[in-house]
Amino acid sequence: MRVHKIAAIPADGIGTEVIAAGLEVLAALAAQDGGFRFDVENFPWSSDYYLKHGYYIPEGGLEKLKTFDAIFFGAVGSQHVPDHVSLWGLRLPIAQGFDQYANVRPARVLPGVKSPLTDGQDIDWVIVRENSEGEYSGNGGRVHRGLPTEVGTETVIFTRVGVERIHRFAFELARSRPARHLTLVTKSNAQRFGMVLWDEIFAEVAVDYPDVKTDRELVDAVTTRMVLKPKSLDVLVATNLHADILSDLAAALSGSLGIGPTANLNPERKFPSMFEPIHGSAFDITGKGIANPIATFWTAAMMLEHLGEAKAARQLMKVIEAVTAAKIHTPDLGGTATTADVTRAVCETIRMDQAASV
Ligand code: ATP
Numbered sequence: 000m001r002v003h004k005i006a007a008i009p010a011d012g013i014g015t016e017v018i019a020a021g022l023e024v025l026a027a028l029a030a031q032d033g034g035f036r037f038d039v040e041n042f043p044w045s046s047d048y049y050l051k052h053g054y055y056i057p058e059g060g061l062e063k064l065k066t067f068d069a070i071f072f073g074a075v076g077s078q079h080v081p082d083h084v085s086l087w088g089l090r091l092p093i094a095q096g097f098d099q100y101a102n103v104r105p106a107r108v109l110p111g112v113k114s115p116l117t118d119g120q121d122i123d124w125v126i127v128r129e130n131s132e133g134e135y136s137g138n139g140g141r142v143h144r145g146l147p148t149e150v151g152t153e154t155v156i157f158t159r160v161g162v163e164r165i166h167r168f169a170f171e172l173a174r175s176r177p178a179r180h181l182t183l184v185t186k187s188n189a190q191r192f193g194m195v196l197w198d199e200i201f202a203e204v205a206v207d208y209p210d211v212k213t214d215r216e217l218v219d220a221v222t223t224r225m226v227l228k229p230k231s232l233d234v235l236v237a238t239n240l241h242a243d244i245l246s247d248l249a250a251a252l253s254g255s256l257g258i259g260p261t262a263n264l265n266p267e268r269k270f271p272s273m274f275e276p277i278h279g280s281a282f283d284i285t286g287k288g289i290a291n292p293i294a295t296f297w298t299a300a301m302m303l304e305h306l307g308e309a310k311a312a313r314q315l316m317k318v319i320e321a322v323t324a325a326k327i328h329t330p331d332l333g334g335t336a337t338t339a340d341v342t343r344a345v346c347e348t349i350r351m352d353q354a355a356s357v
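Mapping of the sequence shown onto numbering that gives the first Met the number 0: residues 0 to 357, in sequence order.
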């Protein structure tokens, strides 16, 4: 029996609701497969925990997390803690501390889901986001606080090592897909140092991947291409900030923010990787039981894949698609189903799969 040690960090808002649903689905899959099981430990780190203790991650917390095979993360963000405090208190120390430099964000219109685009069915993208440096390096400062001369700086850091490894990762991923097409997204007309470094290293790495078709797009132009010519894109590689924005657009074009999954990967597997839905804590719907759990289920499928359970990952994606096709949709997709309804439908379909295969 293969045992996968999972650290669950539901954290804030609908994060607690969707991670609970995700764990139910993972348990149903493990019960059905019989070849593996999960050893799950729940971590209470959240904004409420921060308000009580003064920190999100207690002393030794990262050391403890390091012993897990994967981290299943909900969302962080609270109306009672400034966003930059919560993000830098919980999610970024894990992503940066564990060198999860490759953030992978697939976007696709699932069966039964309506895209706001007329040719939305053409969306089948993977956005590769550099996740360890760039605009979110945390390098900057504030001086002369409160004075008319106050200054705030936010210094963007691009390193050759950081840029080369994300390009290589993106080329490998593009090579594994049927279209074998990689689009480089930068802003190297206006930003002539770091972004030009991105362009140059991309061209250097491309020499090793003659079988991958490439093109280049400025970040502003690529937003229009995503909307107007969705079929012309396959894999996109972009900086931390640019890809953060593009992947929210990609999720919305795929039908809802409640669908998009993410993997924060440490490809060398020196540290555990972290899997989370791309959406945030969504205060407006927290506690109503209507959060769409599909992003988290898709995220769980990515986690299974990473853990070497490819068969279970494929089965989960098939089940998710059967449930979206059956129009068991939460309100964000125009339906009336609750989080529990969608979760039940997914778990029941998994069990029916088992009954069918006996
Ligand atoms: P963050 O700053 O953490 O990204 P945010 O509050 O800016 O968070 P989200 O919480 O990601 O943004 O979501 C914006 C809106 O999208 C929510 O207020 C909610 O209405 C909707 N939404 C997001 N995720 C879901 C979901 N899983 N199910 C249903 N609606 C969702």
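Where is the CB? At the ideal position from N, CA and C, for every residue including glycine.
Is residue i near the ligand ATP, judged by its Cβ being under 7 Å from some heavy atom?
| i | result |
| --- | --- |
| I93 | no |
| H83 | no |
| I126 | no |
| V17 | yes |
| T329 | yes |
| G307 | no |
| N291 | yes |
| L256 | yes |
| I56 | no |
| H79 | no |
| I284 | yes |
| I169 | In the sequence as displayed, the identity of residue 169 is Ala instead of Ile. Because no heavy atom of the ligand ATP lies under 7 Å away, the Cβ of A169 does not count as near it: no. |
| G76 | yes |
| I156 | no |
| H278 | yes |
| A321 | no |
| A10 | no |
| A281 | yes |
| I349 | no |
| A205 | no |
| A20 | no |
| I13 | yes |
| A294 | yes |
Taking 8 Å as the cut-off, decide whether the C-beta atoms of residue i and residue j are in contact.
| i | j | result |
| --- | --- | --- |
| C346 | A106 | no |
| V204 | H166 | yes |
| Q99 | M316 | no |
| N41 | A94 | no |
| Q31 | I349 | yes |
| G359 | F157 | Only positions 0 to 357 of the chain appear in this structure, which leaves residue 359 out of reach. |
| P271 | D38 | no |
| I122 | L235 | no |
| T323 | V112 | yes |
| A290 | A300 | no |
| G21 | P292 | yes |
| L89 | I56 | yes |
| V17 | S46 | no |
Around the C-beta of residue i, are 16 or more other C-beta atoms found within 10 angstroms, so that it is buried, or is it exposed?
| i | result |
| --- | --- |
| D11 | buried |
| L264 | buried |
| D359 | Residue 359 lies beyond the residue range present for the chain, which begins at 0 and ends at 357; the question has no answer from this structure. |
| G73 | buried |
| E216 | buried |
| V103 | buried |
| Q314 | buried |
| N138 | exposed |
| T338 | buried |
| D243 | buried |
| S85 | buried |
| E149 | exposed |
| N188 | exposed |
| F168 | buried |
| L303 | buried |
| V160 | exposed |
Which residue's Cα is closest to the Cα of residue i: the options?
| i | options | result |
| --- | --- | --- |
| S175 | L248, R36, V211, D38 | V211 |
| W297 | A173, V108, Y135 | V108 |
| A262 | E23, T152, P276, S255 | P276 |
| I364 | D331, F157, R128 | Residue 364 is absent from the structure shown; the chain starts at 0 and stops at 357. |
| K65 | K269, M302, K310, L306 | K269 |
| P266 | E171, S253, A290, D207 | E171 |
| H79 | P57, F71, E153, Y49 | Y49 |
| K63 | F97, S46, G151, V150 | F97 |
| H241 | R36, E149, T185, S114 | T185 |
| F128 | R144, I13, S246 | Before going on, a small fix: residue 128 reads as Arg here, not Phe. For R128, the nearest C-alpha among the options comes from S246. |
| A237 | G279, D219, A249, L183 | L183 |
| S114 | M0, P229, E153, A325 | P229 |
| R386 | I13, H3, P147 | Residue 386 lies beyond the stretch modelled for the chain, which goes from 0 to 357, so this question has no answer here. |
| L61 | P110, L25, I8 | I8 |
At least one CB of chain E closer than 8 Å to the CB of residue i: is that the case?
| i | result |
| --- | --- |
| P260 | No chain E appears in the structure shown, which is made up of a single protein chain. |
Item to check | Unbroken stretches of the beta strand (DSSP E), 3 residues or longer, contained in the region 7-55 | outcome: 35-41
Checklist entry - Along the chain, which unbroken stretches of the beta strand (DSSP E) at least 3 residues long are found entirely within the region 209-280? => result 212-217, 234-237, 260-264, 272-276
Checklist entry - Which whole runs of the beta strand (DSSP E) in the region 58-135 are 3 residues long or more, in chain order? => result 69-74, 101-107, 123-129
Checklist entry - Which runs of the alpha helix (DSSP H), 4 residues or longer, sit entirely within the region 153-200? => result 159-174
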